[in-house]
Each structure stands twice: as structure tokens, then as C-alpha cells.
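Data block below; observations after.
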Amino acid sequence: TELKAENLRPILSEFKLTLIENDVAVPVAERICEEMEKRLNGLQIKRIEDKRKIVEQNLREVLLEIMTTNERIDFLKTVEEKRKKNEPFVALFVGINGTGKTTTIAKVAHLLNKKGCTVVLACSDTYRAGSIEQLETHAKRLGIKMIKHKYGADPAAVAYDAICHAKAHGIHAVLIDTAGRMQTNKNLMNELAKIKRVVNPDLTVLTVDALTGNDAVVQAEEFHKNVGIDATILTKVDADVKGGAALSVTYVTRKPIIFVGTGQSYDALEEFKPEKFVEMIIR
Amino acid sequence: RLGASLHEALRKLFKAAVVDEAVVKELIRDVQRALLQADVNVQLVLDISKRIEERALKEKVPPGISRREHVIKVVYEELTRFLGEKPVPLKVEPGKRKVLMLVGIQGSGKTTAAAKLARYFQKRGLKPALICADTYRPGAFDQLQQLASRINVPVYGDPKGKDPVKIALEGLRLFNDKDIVIVDTAGRHKEEQALIKEMKMLEEKIKPDEVMLVIDGTIGQQALVQAKAFNEATSIGSILLTKLDGSARGGGALSAVVATGAPIKFISTGEKIEDIEPFVPSRFVGRLLG
Ligand SMILES: Nc1nc2c(ncn2[C@@H]2O[C@H](COP(=O)(O)OP(=O)(O)OP(=O)(O)O)[C@@H](O)[C@H]2O)c(=O)[nH]1
Ligand SMILES: Nc1nc2c(ncn2[C@@H]2O[C@H](COP(=O)(O)OP(=O)(O)OP(=O)(O)O)[C@@H](O)[C@H]2O)c(=O)[nH]1
Ligand SMILES: [Mg+2]
Ligand SMILES: [Mg+2]
Numbered sequence: 042t043e044l045k046a047e048n049l050r051p052i053l054s055e056f057k058l059t060l061i062e063n064d065v066a067v068p069v070a071e072r073i074c075e076e077m078e079k080r081l082n083g084l085q086i087k088r089i090e091d092k093r094k095i096v097e098q099n100l101r102e103v104l105l106e107i108m109t110t111n112e113r114i115d116f117l118k119t120v121e122e123k124r125k126k127n128e129p130f131v132a133l134f135v136g137i138n139g140t141g142k143t144t145t146i147a148k149v150a151h152l153l154n155k156k157g158c159t160v161v162l163a164c165s166d167t168y169r170a171g172s173i174e175q176l177e178t179h180a181k182r183l184g185i186k187m188i189k190h191k192y193g194a195d196p197a198a199v200a201y202d203a204i205c206h207a208k209a210h211g212i213h214a215v216l217i218d219t220a221g222r223m224q225t226n227k228n229l230m231n232e233l234a235k236i237k238r239v240v241n242p243d244l245t246v247l248t249v250d251a252l253t254g255n256d257a258v259v260q261a262e263e264f265h266k267n268v269g270i271d272a273t274i275l276t277k278v279d280a281d282v283k284g285g286a287a288l289s290v291t292y293v294t295r296k297p298i299i300f301v302g303t304g305q306s307y308d309a310l311e312e313f314k315p316e317k318f319v320e321m322i323i324r
Numbered sequence: 028r029l030g031a032s033l034h035e036a037l038r039k040l041f042k043a044a045v046v047d048e049a050v051v052k053e054l055i056r057d058v059q060r061a062l063l064q065a066d067v068n069v070q071l072v073l074d075i076s077k078r079i080e081e082r083a084l085k086e087k088v089p090p091g092i093s094r095r096e097h098v099i100k101v102v103y104e105e106l107t108r109f110l111g112e113k114p115v116p117l118k119v120e121p122g123k124r125k126v127l128m129l130v131g132i133q134g135s136g137k138t139t140a141a142a143k144l145a146r147y148f149q150k151r152g153l154k155p156a157l158i159c160a161d162t163y164r165p166g167a168f169d170q171l172q173q174l175a176s177r178i179n180v181p182v183y184g185d186p187k188g189k190d191p192v193k194i195a196l197e198g199l200r201l202f203n204d205k206d207i208v209i210v211d212t213a214g215r216h217k218e219e220q221a222l223i224k225e226m227k228m229l230e231e232k233i234k235p236d237e238v239m240l241v242i243d244g245t246i247g248q249q250a251l252v253q254a255k256a257f258n259e260a261t262s263i264g265s266i267l268l269t270k271l272d273g274s275a276r277g278g279g280a281l282s283a284v285v286a287t288g289a290p291i292k293f294i295s296t297g298e299k300i301e302d303i304e305p306f307v308p309s310r311f312v313g314r315l316l317g
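Protein sequence lines, in the order shown, are assigned to chains A and B. In terms of the numbering used here, the first sequence opens at residue 42 and continues consecutively. In terms of the numbering used here, the second sequence opens at residue 28 and continues consecutively.
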């Protein structure tokens, strides 16, 4: 028999609600279900009872396609390549307030150290109370150099200073921490774009809290549009999340998720596994 | 963006020649979509829209208002049913010390909120004090201390301390003449059993007058289950909703209210200490629906 739009729609509606319950943003869930309908319409199937299984299998493939983005980034390989050129690898970490930028930088620094790369941290959050002390504590615990200026200093100047330090001392990687900011704040987004222009990083990483709902789409779109994102790190995945934010973010940016944060310790950084997330999102 | 979709839905309602079942059903679909995009819990949205549909189609329209106005009134009433009709203030009286303990998920805005609340009550002639009972986060004490010094509010903490109960009890002993003492705690989520247990013990030992759950305005569908877990550990007395200066609609707050039965007392609308205001249900429903 042939699958027709009318008998597909009720099943797709159910799946759409499941996606939304699992934190896929509403417009992303809608668009995926529209694409699914086009993809399946007219498909020949053996028995009508199989239609739900066919829809689910196709949905799995579509979600996997979206989350296994075309641009794959091997983070450690990227750092190694700069090392071979004798240039410091520069990564800029951005995102809205409280998403885990500072903690993630510490985890990434720890990972690089374990792989034999030296790191210098740039405290370009010169705004928030306690930001310098927070990053400094991580730097001390990891035995890593941190470049800081005073509160109120120019964030771009701190970053530039850290890159000069890395070049002068042959340090392999510079990780730049920035102040959290809402994507709706034009001035702060302009400030961030300026930092990026001055620093010219090899990688701009957006941190997104895995508990975020529909705002994940707006964050990803606006940061990508105004600053330019190369990769995303999804944090707080250990909070028993359903993972929909991973789909929302990759759908709108087409950029890969390079790591997921799975806790508050330095080792709590894991590789992003699209297959695992697909299974969580469709349940 | 969301406001546009519901505004459009209401415009369709107003332009309809006859407010018949089809028009009402279309409005309900639009309201559902608006609420889902506002991060309101899926089950809650289905429950609310079912009630709206029943009332809009079966209830007798009261005399003097049109069918159209009745439908809008039903939508509004069903939403405010959860949030409460009137704002519920946080009662602080001079000379009757109130101890407020802030809890919530990592990064939700507790430490910043603690300082904002202190400033809010200071402006009203009351004597606030702050305690940093977060022994985990690097720089937690520095953060609270820097905020406190900006507003001249005393703060107590022990950056090297490992026991939040000991720190909180000592702080409460020192601040026995204050009108409100706000205790900031470490962020935690429902899977971190040891931290949830610690929060429970902290509440049992310091016996706060109120435990306030700080909820991130950007939180999605997990708000309900997380708030439930917090409420089971330390009965939540009130909610503070943060980051409403962004684009998120804050629907997760509705889930938190349903999960805890606690009222939302404040909202935070920015990073500055002044960016806090008492929660007004009608304004929030407006925001949810755009
Ligand atoms: N459970 C858990 N907590 C995390 C994770 N990543 C970060 N956190 C916690 O989230 C909170 C906020 O982390 P920060 O690193 O300060 O976030 P930030 O983005 O730098 O915040 P701002 O600079 O204020 O914008 C801290 O309590 C972290 O320990 C994670 O993967 N899992
Ligand atoms: N834009 C905006 N930022 C906020 C708001 N409330 C808090 N923040 C910011 O959110 C980030 C996290 O705030 P914190 O007060 O450190 O959060 P927390 O809950 O104490 O974090 P943990 O102690 O790690 O659990 C900081 O960058 C704050 O400045 C708000 O209403 N709007
Ligand atoms: Mg930070
Ligand atoms: Mg805090």
C-alpha cells in the first residue's frame, strides 16, 4: 500500500509532541515533521500496520542526519595542526549568562593538558562579580597560567595580551573566557563581535545549557548571525535532559556539537554522540 | 516573535464573522502553539487547552459580553488560575528577622538574586544581610562579597570552609539583629543526590522561614520534574524567575508553580542589582501569550 499524507499526519503529530516534550524547539519540531511528511508521502509499504515503525525509522535517520552535521570538527586534531605550524590555537567561548562557559574552559584546558598541550587562559570577563577569582581558582588548581587585567578593563585587550604571551612562550593553546550576555542585548553582542575581530580565533565556541527550551534556537541563531559560531558545547547534560536542545542548535547553525558537559568536575567533558541523543529525543 | 503569533490568532478571532466552533478550535490551536513556544509544559498545555475548549464552547456566555469577549476571558482566566490573581509579596517586617534560603539549578541566577533581594529590602528601610553557604563553586564567596560591597550590605562566608551548615549557622548567629538574612546556596539538579541531600540537611539545620526556588527563565520542559524534586527535598515556599530580559517567555515558571504550589514572588530582568521587581500575574500572562 502507499503511505498517504492523511494517514501520516496523526502519527507525525504524536512524534511532534514527543519532540517538543523532549525540548526540541517548536519551529524545529514543526519543520522536521513537515519534511518527514514530504519524504514519506507516496512511499510504498508492505503492510499498513508497519507505518508507525516506518515513520519512526525515517525520523531516526532524519534526526541523525541533522545532528551529524557536514562540518565535523576533531578538536584535538585542530589544536595539533596549529602546534605543527608553531602558532597558538585560539578558542573564544561565548554564550548567555550561566551556561557554563568558565567551567567548560577549565575542562577543555584539563583535556589539553592531558594530551600534552600547554594552555594559557584569558579572563576576558571583566564585568561580572567574581569572574576573575573564579577562573583564577581553576587556573591555580590546573597549574595553568591565566592572563587578567582589572575589572572594567577592555576584554579584547586581555585576550590580545594572552595571545601575545602564548606566542612569546610557545604555548600551544589560548582559551578565552567572555562575560555571559543575552543575545537580545545589541551593545553586548557588538562588543563580542569586536573581541572576535581583534582576536581572530581559530574556533568560536557557543555554550548552551541542555536544559534550555525554545530559547536555544534564538540563542544559536543570534550568536551565529552576530558573532559567528564554529562549534557548540552542550552543558549540564547530566541533569537528566532529554537532549532536544542538541537538535534545535544543530538545526539552525549547521555547526557541530564538539563536546557535552556532564558534571562539575574537570573530567566531566565527553564527546558528543549523535546516535545516543537521537534515541533520547524520540522516546 | 511569539507575540506576533498570538496577536495574529486574536486578530483572526476579531475578524471572524461568526465565533463558531471552528473559529474557537483554531484559536485554541494557536494558543497551544504559543504556550508551547513559551516553554509551558506539554501536559499542562493540553490540560489548559482542553478546559478552555470546554468552557468556550459549552459555557453560557454571560449577559452583556459577546461570544468573542467571553472566549478571550476564558483563555485569560485559565492561565491566571495557576499563577494567582494578585501578586503575593515577600513579607519582611522590621525587628522580626526573616531567613530566606535560595536554592536552584546551576547557573540559574541565585547569587545575583541574593544581592538583588538584599538591595530591594534595603531600599524599603529594612536591614538585610547575606550569607554565602556555597562551598563548591570557585569564587562564590568573592562574587557575593563584591556584590554586597557595592550596596553596603554585610556578608558572611568562609571561602575555605567545607561545611555549609556550619557557615550558615555562624552567619545567622552574627546577623541576629537583621530584618532579613538571605542564604545563598550552591547550584544543584535532581540527579546530584548528594547535593540534594545536603540541601535537605541545610534546611533542617538552619530552619529558614522560606525556601525560594530560583528558576532560569530560559528553562524548557524539564522545569516541572526538576521543581518537583526540589519541592520533595525542601518544601518550596516561593519562586524567583530570572533572565526575563532575554527572549525567553518563562513558561517553565508555570510548571514550577504547578509542581510546588508556591507563588512566584519576584522576577529578575537583567544583570544589574536594580534589575528585580515583584511578580505581577497579569503582566506575566501577557508575556506568555505575547
Ligand atoms: N551539573 C553541571 N553543572 C555545570 C556544568 N557545566 C557548568 N556547570 C555549573 O554551572 C554553573 C555556571 O557555570 P559557569 O561556568 O560559571 O557559567 P558561565 O557561563 O561562565 O556563567 P557567566 O560567566 O556568569 O555567564 C556552575 O555552578 C558550574 O559548576 C555541567 O556540565 N554539569
Ligand atoms: N541577563 C541576565 N543575567 C542574569 C540575570 N540573573 C542572573 N544573571 C546572570 O546569570 C549568570 C549566573 O548568575 P549567578 O548568580 O552566578 O547564578 P547562580 O545560580 O548563583 O549559579 P551557581 O551558583 O553556579 O549555581 C551571571 O552572569 C549573572 O549575572 C537576569 O535576570 N538577567
Ligand atoms: Mg563565566
Ligand atoms: Mg551562585
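Just so you know, even glycine gets a beta-carbon here, dropped at the ideal spot from N, CA and C. Bear in mind the structure is a predicted one, so any value in this text is a computation, not a measurement.
Counting only Cβ pairs nearer than 8 Å, list the residues of chain B close to Asp218 of chain A.
For the purposes of this step, residue 218 of chain A is taken as the residue at position 177 of the first sequence. By Cβ distance, chain B contributes nothing, its closest Cβ being about 12 Å from Asp218 of chain A, past 8 Å.
Please name the residues in the region 235-258 of chain B whose beta-carbon is closer than 9 Å to at least one beta-carbon of chain A, in chain order.
Per Cβ criterion, the list reads Asp243, Gly244, Thr245, Ile246, Gly247, Gln248, Gln249, Ala250, Val252, Gln253.
DSSP beta-bridge partners for Lys123 of chain B?
Walking along the second sequence from the start, residue 123 of chain B turns up at place 96. Here Lys123 of chain B is bridged, per DSSP, to B:Glu120.
Less than 7 Å separating the Cβ of Thr143 of chain A from some heavy atom of ligand 3?
Here residue 143 of chain A refers to the residue found at position 102 of the first sequence. Yes; taking the cut-off as 7 Å, the Cβ of Thr143 of chain A has a heavy atom of ligand 3 nearer than that.
Anticipated Cβ contact below 8 Å, Thr143 of chain A with Gln98 of chain A, distance rounded
On the first sequence, position 102 is the one that residue 143 of chain A refers to. On the first sequence, position 57 is the one that residue 98 of chain A refers to. Contact check for Thr143 of chain A and Gln98 of chain A: beta-carbon distance about 41 Å, past the 8 Å limit, so the pair fails to qualify.
Where Asn231 of chain A meets chain B, residues with beta-carbon distance less than 9 Å:
Working through the first sequence from its first residue, we reach residue 231 of chain A at position 190. Chain order gives no chain B residues near Asn231 of chain A, where near means a beta carbon separation below 9 Å; the closest approach is about 17 Å.
Environment of Asn68 of chain B [buried if 16+ CB atoms lie within 10 Å]:
Locating residue 68 of chain B in the second sequence gives position 41, where the first residue counts as 1. Residue burial annotation: Asn68 of chain B is buried, with at least 16 other C-beta atoms found within 10 angstroms of its C-beta.
So which residues on chain B does Thr140 of chain A lean against when the C-beta distance must stay under 8 Å?
If you number the first sequence from 1, residue 140 of chain A lands on position 99. Correct list: Gly134.
Measure the alpha-carbon distance for Val67 of chain A versus Glu177 of chain A and round it to whole angstroms.
Position 26 of the first sequence holds residue 67 of chain A. Position 136 of the first sequence holds residue 177 of chain A. Rounded to the nearest angstrom, the two C-alpha atoms are 40 Å apart.
Inter-residue spacing [alpha-carbon to alpha-carbon] between Pro290 of chain B and Ala197 of chain A:
Within the second sequence, the letter at position 263 stands for residue 290 of chain B. Within the first sequence, the letter at position 156 stands for residue 197 of chain A. Rounded to the nearest angstrom, the two C-alpha atoms are 43 Å apart.
Applying the criterion that 16 or more other CB atoms from any shown protein chain within 10 Å of the CB defines a buried residue, is Asp27 of chain A buried or exposed?
Given a span of 42 to 324 for chain A in the structure shown, any question on residue 27 of chain A remains unanswerable.
With a threshold of 7 Å (Cβ to nearest heavy atom), would Arg169 of chain A be considered close to ligand 1?
The residue given as residue 169 of chain A occupies position 128 in the first sequence. Arg169 of chain A Cβ: within cutoff of ligand 1.
So with Cβ pairs under 8 Å, would you call Glu62 of chain A a contact of chain B?
Counting from 1 along the first sequence, the entry for residue 62 of chain A is found at position 21. Taking Cβ atoms only, chain B reaches closer than 8 Å to Glu62 of chain A, which makes this a yes.
Short of 7 Å Cβ to Cβ, which residues in the region 181-213 of chain B face chain A?
Within the region 181-213 of chain B, no residue qualifies.
Quick check: is any heavy atom of ligand 2 less than 7 Å from the C-beta of Asp185 of chain B?
In the second sequence, the residue the question calls residue 185 of chain B occupies position 158. For Asp185 of chain B, the distance from the CB to the nearest heavy atom of ligand 2 is not below 7 Å.
Could you name the residues that DSSP lists as bridge partners for Met187 of chain A?
Walking along the first sequence from the start, residue 187 of chain A turns up at place 146. Bridge pairing for Met187 of chain A: A:Leu162 [DSSP].
Please compile the residues from chain A whose C-beta is within a distance smaller than 9 Å of the C-beta of Leu174 of chain B.
For this step, residue 174 of chain B is matched to residue 147 along the second sequence. Ordered by position in chain A, the residues that pass the 9 Å Cβ test against Leu174 of chain B are Ala170, Gly171.
At a cut of 8 Å, does the region 294-306 of chain A reach the region 227-242 of chain B through at least three beta carbon pairs?
Not touching, per the Cβ criterion.
Just verifying my parser: in three-state terms, what is the DSSP assignment at Phe300 of chain A?
Here residue 300 of chain A refers to the residue found at position 259 when the first sequence is read from its first residue. Assigned with DSSP and collapsed to three states, Phe300 of chain A falls in strand.
Bounding residues of the alpha helix (DSSP H) (the contiguous stretch that carries Phe116 of chain A):
Position 75 of the first sequence, counted from the start, is the residue given in the question as residue 116 of chain A. Counted as a single uninterrupted DSSP element, the alpha helix (DSSP H) harbouring Phe116 of chain A occupies residues 116-125.
Are there three or more Cβ pairs, one per stretch, closer than 8 Å when the region 212-222 of chain B is compared with the region 154-174 of chain B?
Judged by Cβ distances under 8 Å, the region 212-222 of chain B makes contact with the region 154-174 of chain B, as three or more pairs qualify.
Got a sec, what are the start and stop residues for the alpha helix (DSSP H) Ile322 of chain A sits in?
The residue given as residue 322 of chain A occupies position 281 in the first sequence. 315-323 is the extent of the alpha helix (DSSP H) around Ile322 of chain A.
Just mark Ala209 of chain A as buried or exposed, buried being the case when its beta carbon has 16 or more other beta carbons within 10 Å.
Position 168 of the first sequence, counted from the first residue, corresponds to residue 209 of chain A. Here Ala209 of chain A is exposed, its C-beta having fewer than 16 other C-beta atoms within 10 Å.
Does chain A have any CB closer than 8 Å to the CB of Glu321 of chain B?
There is no way to answer for residue 321 of chain B, as the model of chain B reaches only from 28 to 317.
Helix, strand or coil, according to DSSP, for Lys292 of chain B in the structure here?
On the second sequence, position 265 is the one that residue 292 of chain B refers to. Lys292 of chain B falls in the strand class under three-state DSSP.
Following the continuous beta strand (DSSP E) through Met239 of chain B, name the residue where it begins and the one where it ends.
Indexing the second sequence from 1 puts residue 239 of chain B at position 212. Its beta strand (DSSP E) spans residues 237-243.
Exposed or buried, which one is Ala276 of chain B when buried takes at least 16 other CB atoms within 10 Å?
To locate residue 276 of chain B, count along the second sequence from 1; it is residue 249. Reading off the sequence shown, one finds Arg at residue 276 of chain B, where the question assumed Ala. Arg276 of chain B is classed as buried because its beta carbon has at least 16 other beta carbons within 10 Å across all chains shown.
Below 7 Å CB to CB, which residues in the same chain sit around Leu252 of chain A once its five sequence neighbours on both sides are set aside?
Residue mapping note: residue 252 of chain A aligns to position 211 of the first sequence, counting from 1. Apart from the 5 residues on each side of it in sequence, Leu252 of chain A sits with its Cβ closer than 7 Å to the Cβ of Lys277, Ala280, Val282 in its chain, given in chain order.
Buried or exposed for Val69 of chain A, please, with buried defined as at least 16 other CB atoms from any protein chain shown within 10 angstroms of its CB.
Stepping through the first sequence from its first residue, residue 69 of chain A is reached at position 28. Within a 10 Å sphere around the beta-carbon of Val69 of chain A sit 16 or more other beta-carbons, which makes this residue buried.
Please check if any C-beta of chain A sits within less than 8 Å of the C-beta of Ala141 of chain B.
Counting from 1 along the second sequence, the entry for residue 141 of chain B is found at position 114. With respect to chain A, the C-beta atom of Ala141 of chain B has no partner C-beta closer than 8 Å.
Taking 7 Å as the line, does the beta carbon of Thr149 of chain B fall inside it for any heavy atom of ligand 2?
Here the question's residue 149 of chain B lines up with position 122 in the second sequence. Per the sequence presented here, residue 149 of chain B reads as Gln, with Thr not at that position. Not under cutoff, so the answer is no.
Below 7 Å, is the gap between the Cβ of Lys137 of chain B and the nearest heavy atom of ligand 2?
Against the second sequence, residue 137 of chain B aligns to sequence position 110. At least one heavy atom of ligand 2 is nearer than 7 Å to the Cβ of Lys137 of chain B, so yes.
Minimum length 4: unbroken alpha helix (DSSP H) runs contained in the region 168-205 of chain B
Fully enclosed alpha helix (DSSP H) runs of 4 or longer: 191-201.
Please name the residue in B:Leu71, B:Leu63, B:Ile55, B:Gly91 whose C-alpha comes closest to that of Arg82 of chain B.
The sequence position of residue 82 of chain B within the second sequence is 55, counting from 1. Arg82 of chain B has its Cα closest to that of B:Ile55, out of B:Leu71, B:Leu63, B:Ile55, B:Gly91.
For Gly193 of chain A, which residues from the same chain have a beta carbon less than 7 Å from its beta carbon, with the 5 sequence-adjacent residues on both sides left out?
If you number the first sequence from 1, residue 193 of chain A lands on position 152. If we look at Gly193 of chain A and ignore the five residues flanking it on each side, its Cβ neighbours are Thr167.
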